[in-house]
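Read through the structure below, which is laid out as structure tokens, and then see the notes.
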Amino acid sequence: MTKTAATGATQAAKVELTPSRQFPNWLAERQTSLAFTTYQAGKLFLIGLQPDGRLSIFERTFNRCMGLWAEGDSLWMSTLYQLWRFQNAAQDGQAANGYDRVYIPQLAYTTGDLDIHDVAVDADGRAIFVNTLFGCLATVSPAHSFVPLWQPPFLSKLAAEDRCHLNGLAMEDGRARYVTAVSQSDVADGWRDRRGDGGCVIDVASGEIVVSALSMPHSPRLHNGRLWLLDSGTGHFGYVDPEKGHFERVAFCPGYLRGLNFIGDFAVVGLSRPRGNRTFSGLALDDNLAKADSDARCGLMVIDLKSGDIVHWLRIEGVVEELYDVVTLPGAVRPMALGFKTDEIRRVLNVGEPGALIPN
């Protein structure tokens with residue numbers, strides 16, 4: 001195993017990432033890279049491979065970055081009060097200083113502090129996000145902070161009160177299909193009283209509760225015909241059987257789980273070390289860690305969906321203790337991104353195809 005320090009913007013504090021022995025080989029075999037966010041440290045990380053086969057770890061600073069969505073050459077990310085769309089400026093088959101993906105922060109919608117969690121793009125190319133502060137699904141607007149699209153039936157009104165802590169979004173065929181919430185509370189900040197077993201999955205189309213009695217669920221995702229999610233308060237990764245209304249556990253991961261993505265028959269899961277406050281205390285995760293004789297860790301774990309085994313991992317130590325989201329970047333070998341702490345963004349120009357002037 002090798003410990004690698006992150007590169008990119010100048011770091012005042014140390015971050016070390018330690019992969020399992022075959023983690024770089026797994027990235028190479030799958031022909032993919034990874035991106036993940038840590039809102040606690042305000043960093044976007046891009047994980048790929050250097051020419052010699054070692055990990056390439058690139059980071060940029062964005063205030064409270066959380067939700068991620070990757071599709072083609074675009075990467076969407078939510079931050080404290082904006083929703084960003086990054087565009088890859090690297091030409092096909094050409095590397096820029098050794099990087100085959102160069103994500104430029106091309107467009108931003110200023111939303112205000114909505115505590116945006118999961119982000120997606122629908123079949124019409126419209127950005128959809130989980131507006132956790134108001135407890136609804138929403139989209140962007142050129143004239144407003146957001147436009148509401150849907151809210152759980154148990155919420156009596158739209159209010160900036162974070163009543164149920166709506167957080168996760170699963171897309172199906174380009175449409176919002178399922179969401180997760182920590183509770184069904186209809187009072188301000190009521191979700192904190194139901195952290196242990198108040199979590200649920202909601203069918204967006206019908207408004208029905210698909211499964212309940214979860215503990216702080218996050219990151220619902222549809223893959224290979226199954227609805228997968230993270231039961232964060234217990235540390236379990238698994239899937240939901242909508243017919244039975246039951247959560248089937250597949251693997252225990254030693255940490256508070258947030259961030260889930262797939263490539264082939266593998267899931268990539270994000271782990272965090274729980275903060276020492278009431279939000280994360282008194283959960284079943286504490287007992288499950290004790291039974292496994294393990295401390296909570298921060299990092300990524302790769303789970304084989306066929307066996308439920310954790311086959312690879314990336315441990316993160318230092319100032320980064322909490323992750324929120326993770327996405328795979330298929331076809332990318334060594335990605336990087338531009339930020340605003342250094343002046344590279346001034347010198348990177350991406351010119352579009354010439355267009356004919358429209359005659360008067």
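So the sequence shown is numbered by the UniProt record's numbering: it starts at 1 and just counts up by one. Using N, Cα and C, we set each Cβ at its ideal position, and we do this for glycine too.
- Taking residue 14 as reference, the option from 33, 55, 59, 37 with the minimal CA-CA separation is 59.
- Here residue 338 has 60, 102, 103, 104, 105, 344, 345, 348 as same chain residues with Cβ atoms under 8 Å from its own Cβ, once five neighbours each way along the sequence are excluded.
- Leaving aside the five residues that flank residue 191 on each side, the residues in its chain whose CB is nearer than 8 Å to its CB run, in chain order, 162, 163, 164, 165, 181, 182, 183, 185, 198.
- The three-state reading of DSSP puts residue 62 in coil, since its state is none of H, G, I, E or B.
- Less than 8 Å divides the Cβ of residue 24 from the Cβ of residue 53.
- Listed in chain order, the non-local C-beta contacts of residue 26 below 6 Å within the same chain comprise 312, local neighbours out to five positions each way being set aside.
- The DSSP-derived three-state label of residue 108 is strand.
- In the three-state reduction of the DSSP assignment, residue 340 falls in the coil class.
- Here residue 25 carries a helix assignment [DSSP, helix/strand/coil].
- Straight through space, the alpha carbons of residue 352 and residue 297 are spaced by roughly 44 Å.
- In this structure, residue 329 lies away from residue 38, with their beta-carbon atoms at least 8 Å apart.
- Per the coordinates, the alpha-carbon of residue 299 lies some 44 Å from the alpha-carbon of residue 354.
- Residue state for residue 244 is assigned as coil, using DSSP reduced to three classes.
- One thing to note: residue 210 has its Cβ no nearer than 8 Å to the Cβ of residue 239.
- When the alpha-carbon of residue 220 is set against those of 34, 110, 325, 57, the nearest one is in 325.
- When secondary structure is reduced to three states using DSSP, residue 288 falls in the helix class.
- By the criterion of a C-beta distance shorter than 8 Å, residue 205 is surrounded in its chain by 177, once the five residues flanking it on both sides are discounted.
- In this structure residue 82 is buried. Its beta-carbon is surrounded by 16 or more other beta-carbon atoms within 10 angstroms.
- The beta carbon of residue 139 is closer than 8 Å to those of 126, 127, 128, 129, 146, 147, 149 in its chain, skipping five residues each way along the sequence.
- Non-local beta-carbon contacts of residue 132 in its own chain, meaning distances under 8 Å to residues more than five positions away in sequence, involve 114, 115, 116, 117, 162, 165, 166, 167 in chain order.
- Three or more Cβ pairs drawn from the segment 224 to 240 and the segment 248 to 257 lie within less than 8 Å of each other, which places the two stretches in contact.
- DSSP, reduced to helix, strand and coil, places residue 273 outside both helices and strands of the structure shown, so it counts as coil.
- Put simply, of 97, 49, 80 the residue whose alpha carbon is nearest the alpha carbon of residue 30 is 49.
- Here residue 218 is buried. Its C-beta has 16 or more other C-beta atoms within 10 Å.
- Annotated as proximal: residue 303 and residue 266, with beta-carbon spacing under 8 Å.
- Counting along the chain, residue 301 sits inside the beta strand (DSSP E) bounded by residues 299 to 304.
- About 19 Å separates the Cβ atoms of residue 41 and residue 269, ruling out a contact at the 8 Å cut-off.
- Taking C-alpha positions only, residue 193 is separated from residue 278 by approximately 10 Å.
- In the displayed model, residue 163 falls within coil according to three-state DSSP, outside both helix and strand.
- Shown here for residue 301: same chain residues with a beta carbon closer than 6 Å to its own, the five before and five after excluded, namely 253, 269, 310, 313 in chain order.
- For residue 36, the enclosing beta strand (DSSP E) stretches over residues 32 to 38.
- Contact between residue 175 and residue 123 holds: CB atoms are separated by about 7 Å, below the 8 Å threshold.
- For residue 216, DSSP records no beta bridge to any residue.
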